[in-house]
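Report on the structure given below.
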Amino acid sequence: MRHGNRRLDVVLILGAVALTLLPWYRIENGFFGLGWLAGFPLSTEAAPGLVQIFAHGRLWLAGALVLLLLAVAVRGIADPMRRGAVLASTGALGVLFLSLQGLAVSFDGWTWAISQTLFGPLSDGQPSMGAGAVLSAVSFVLLFAFGLAERGVMKGDAFVVSAISLLVFLVAVFVFYPIGSMFVGSVQDFDGSFNADNFIRNMQDPSIWSLNCVIGAGRCGVAWRTLWLAIMTGLGSTLLGLAFALVATRTRFPFKKGLRLLTILPIITPPFVIGLALTLLFGRAGVVTQGLSDLFGIEPGRWLYGLSGIWIAQVLSFTPISFLVLIGVVEGVSPSMEEASTTLRADRWRTFWRVSLPLMKPGLANAFLIGFIESMADFGNPLVLGGSHGVLSTEIFFAVVGSQNDPSRAAVLAMVLLAFTLSAFLSQRVWLSGKNFATVTGKGDSGSHIALPRGLSIGVHAVVIPWILFTLVIYGMILIGGFVKTWGLDNSLTLDHYAKAFSISFDNGIAWTGVAWNSFWTTIEIALISAPLTAVVGLLTAYIIVRQKFAGKNAFEFALMMSFAIPGTVIGVSYIMAFNLPPLEMTGSALILIACFVFRNMPVGVRGGIAAMSQLDKSLDEASLTLRANSFRTIRKVILPLLRPAITAALVYSFVRAITSISAVIFLVSAEYNMATSYIVGLVENGEYGVAIAYSSMLIVVMITVIAGFQLLVGERRLRRENRVAGLATSASSRQEKIA
């Protein structure tokens with residue numbers, strides 16, 4: 001009871017602070033600049049909610065004050081069931097009220113005609129929500145959660161209920177709201193009126209659904225091309241990721257540390273840079289193409305520019321993601337189960353196919369799903385290598401910013417993409433449903449992993465070693481490009497590109513005079529902020545999905561994958577449409593970039609966490625809870641130490657994507673917050689390839705350094721693996737001593 005009252009008191013204090021001590025509306029010059037303190041609390045711009053109500057005539061905000069006072073009065077109710085019901089109702093009404101008043105009242109007055117009809121015209125409107133309004137909304141969400149906990153929801157665990165409530169709230173704001181704003185445009189005319197004609201026309205467009213390619217009469221529609229490419233990329237990246245994971249964990253490959261580093265390289269490189277390197281190798285004027293032409297008289301072709309080239313680039317880019325997901329799963333397979341199989345006279349082939357591989361199913365399914373969705377959402381590789389073979393992401397881009405200027409077509413294409421993603425998601429769930437893959441329990445495991453079958457070992461080495469050499473060649477081209485004056489024209493060596501991008505002056509202290517420094521520091525700062533947030537939200541969500549049961553869990557899990565499935569182009573445009581006007585105005589700020597990165601990259605942390613937690617036996621949680629530890633302490637002391645591979649994967653991937661993302665970023669950057677990828681795109685458009693490659697090379701070095709730091713900070717998961725042979729020998733020795 002005392003704990004419940006203490007939690008409730010903290011939330012009520014937060015609500016009071018939101019109404020009395022913080023600016024209710026957005027500060028144009030930035031909240032953290034603290035310039036608003038000069039006009040606080042009486043100026044219209046900086047006034048808190050209480051002053052806005054009584055001094056500036058914004059009476060519609062009084063609802064928040066009334067609901068907060070009601071929550072204060074409820075605190076004195078002795079019956080927990082009754083108090084919980086009123087608190088939950090108050091919190092839900094508070095969130096609903098803040099949402100409706102924010103949407104209904106804009107800069108000039110009422111947004112909706114029905115509001116003006118019911119309540120009459122307003123003499124003044126309101127700006128976008130600021131710190132006070134946001135904190136007030138969070139307070140109401142927590143009031144709702146604490147009310148449910150007092151009524152016994154989730155066994156009265158306030159932490160779990162609060163986590164679920166906050167996650168649902170955040171997903172609604174940063175996933176459903178912007179995507180909904182985008183889809184509303186599919187049935188709107190240019191003046192905002194309802195018009196479904198464009199939606200119907202685009203949905204019936206033969207260029208989307210044509211199957212002429214099946215009968216050899218023409219080219220497939222863009223939907224089928226994208227689906228085929230995504231399936232092949234998902235299969236290729238998953239199989240290669242598994243091969244890399246097996247070589248890194250089950251063989252005596254002498255360069256395992258270098259292998260782990262090399263598999264990370266493709267995802268820390270802007271995708272169009274890999275496309276340029278492939279073009280230099282296999283394009284019509286590429287090194288390999290010209291070499292084959294000179295030696296064997298093979299006529300240069302354009303095979304690279306199409307689905308084949310996109311597939312090579314995507315597999316090169318997305319295999320490391322599969323590796324990061326699968327390596328923890330491969331390591332987590334119980335050696336005792338493999339030893340039990342061999343004890344029952346199964347050979348290594350049968351043990352691998354019947355025991356080891358089935359226990360890797362969660363990782364394989366998640367790796368394929370991520371590869372499939374990544375291929376669907378990829379924008380950079382198809383833009384560079386697609387040629388006339390467009391895919392859904394590039395078609396959406398050109399529908400939004402090209403000469404078509406058809407937001408309805410962009411929304412229809414996004415719906416098609418979501419349908420494919422939903423199908424893959426449901427297929428994965430059907431495949432894994434009803435199966436248990438727990439191999440890490442509270443008991444000490446024994447033995448060591450058995451060696452791979454000889455044929456399989458030879459096979460994975462035959463795949464991994466050529467891929468390593470191919471990757472080294474690609475990065476050799478990238479590295480050389482930064483020191484060459486002009487790619488393909490003047491191959492003399494120079495340092496001018498690095499000097500132009502990253503020069504430093506020491507005349508009156510340190511001066512960052514290079515043209516790339518501004519975007520470089522902005523990119524690193526935003527990436528370092530968004531990466532831990534992404535990991536925390538993703539892994540907390542994974543814990544809730546795997547360990548908790550609540551109504552709507554399946555819908556909640558799919559909602560989290562939606563932001564990952566939508567192309568970055570659509571995410572960027574939808575964020576612009578949703579957050580450029582009240583109630584939430586974030587365009588041009590660092591906050592919109594951080595929100596985009598967190599909720600777009602969070603699904604990787606979720607999928608990796610789900611794959612890893614599927615191997616943790618629930619008895620671990622139950623033992624901790626039986627010893628009177630709460631859920632938060634159980635997560636911190638028991639679950640997180642066993643999820644270190646998933647934590648590292650979430651940190652690494654979210655940090656890297658924050659630096660290398662381009663499709664969403666290109667819509668969200670501003671003069672003050674210009675990210676590295678958008679700056680590099682500008683360099684490429686201006687023909688400054690050397691500076692672009694130099695900048696990319698510097699980013700690669702920085703990312704490798706930070707990734708190594710993340711791995712040292714998180715550490716390795718230590719599972720107890722006893723040596724059974726040594727244990728038997730020790731036991732026999734002790735028995736002999738007793739006999740003697």
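Taking our numbering, I'd label the letters of the sequence shown as residues 1 to 740.
Beta carbons are placed, not taken as given, at the ideal position from N, Cα and C, and that holds for glycine.
Alpha-carbon spacing of residue i relative to residue j, whole angstroms
i	j	result
Val74	Ala399	53 Å
Ala340	Val355	10 Å
Ser663	Leu426	27 Å
Ser237	Leu14	47 Å
Leu616	Glu622	12 Å
Arg429	Arg348	30 Å
Ala650	Met602	8 Å
Glu28	Thr587	11 Å
Leu539	Leu276	35 Å
Ile179	Val171	11 Å
Ala555	Phe255	43 Å
Trp521	Ser388	37 Å
Phe368	Ala377	14 Å
Arg607	Ala542	7 Å
Ala694	Tyr498	6 Å
Asn508	Met675	28 Å
Gly216	Ser207	Confidence at Gly216 is low in this model, with a pLDDT of 45, below 50, so its placement is unreliable and the value that follows should be read with caution. Those two C-alpha atoms are separated by around 16 Å.
Arg409	Ser574	14 Å
Ser492	Phe296	28 Å
Phe245	Leu324	Checking the sequence shown, residue 245 turns out to be Ala, not Phe. Cα to Cα, Ala245 sits roughly 8 Å from Leu324.
Ala551	Val95	20 Å
Asn686	Leu699	20 Å
Gly442	Leu292	Here Gly442 scores only 49 on pLDDT, less than 50, and its place in the model should not be relied on; the value that follows carries that caveat. Approximately 59 Å, taken between the alpha carbons.
Gly332	Trp467	25 Å
Leu625	Cys220	56 Å
Gln810	Phe169	One cannot answer for residue 810 here, as it falls past the ends of the chain, which runs 1 to 740.
Thr20	Ala47	9 Å
Leu69	Tyr177	29 Å
Contact under 8 Å by Cβ, residue i with residue j
i	j	result
Ala501	Val515	yes
Gly380	Phe282	no
Val684	Ala692	yes
Ile524	Thr513	no
Thr707	Ser696	This sequence places Ile at residue 707; Thr is not what is there. Not in contact: Ile707 and Ser696 (Cβ atoms no closer than 8 Å).
Leu495	Cys596	no
Leu307	Leu229	yes
Phe183	Ala411	yes
Ala313	Leu278	yes
Leu67	Ala55	no
Leu235	Trp224	no
Leu227	Phe97	no
Ala658	Ala531	yes
Val134	Ala145	no
Ser559	Val175	The question names Ser, yet the displayed sequence has Ala at residue 559. Yes, Cβ-Cβ distance for Ala559 and Val175 is below 8 Å.
Val359	Gly241	Strictly speaking, residue 359 in this sequence is Leu, with Val absent from that position. Result no, Cβ atoms of Leu359 and Gly241 do not sit closer than 8 Å.
Thr233	Ser375	yes
Leu385	Tyr305	yes
Phe352	Leu239	no
Thr569	Ser654	no
Gly76	Ala64	no
Gly84	Leu148	yes
Bridge partners - residue i, DSSP secondary structure assignment
i	result
Met477	For Met477, which the question treats as bridged, DSSP gives no partner whatsoever.
Met493	The sequence given here places Leu at residue 493; Met does not occur at that position. Paired residue(s): Val484.
Ala511	Ser505
Phe420	DSSP lists no partner for Phe420.
Ser106	Gly109
Met129	Tyr25
Any non-hydrogen atom of the ligand FAD closer than 7 Å to residue i Cβ
i	result
Val691	The model depicted lacks the ligand FAD and carries no ligand whatsoever.
Report the start-end ranges of each alpha helix (DSSP H) in the segment 557 to 592 that is 4 residues or longer and not cut off at the edges.
568 to 578
Three or more C-beta pairs closer than 8 Å, one from the segment 80 to 92 and one from the segment 119 to 129: is that the case here?
no
Given 8 Å, three or more beta-carbon pairs between the segment 138 to 156 and the segment 11 to 26
yes
With three or more C-beta pairs closer than 8 Å as the rule, is the segment 633 to 640 touching the segment 577 to 590?
no
Quick check for students: name the residue ranges of the alpha helix (DSSP H) that lie wholly in the segment 231 to 290, counting only runs of 4 or more.
256 to 264 and 271 to 282
Residue ranges of each alpha helix (DSSP H) within the segment 305 to 355, 4 or longer:
307 to 332, 335 to 343 and 348 to 351
Can you give, in chain order, each stretch of the alpha helix (DSSP H) that sits fully within the segment 630 to 663 and has at least 4 residues?
631 to 634 and 644 to 660
Every unbroken alpha helix (DSSP H) within the segment 13 to 48, with a cutoff of 4 residues, ordered by chain:
none
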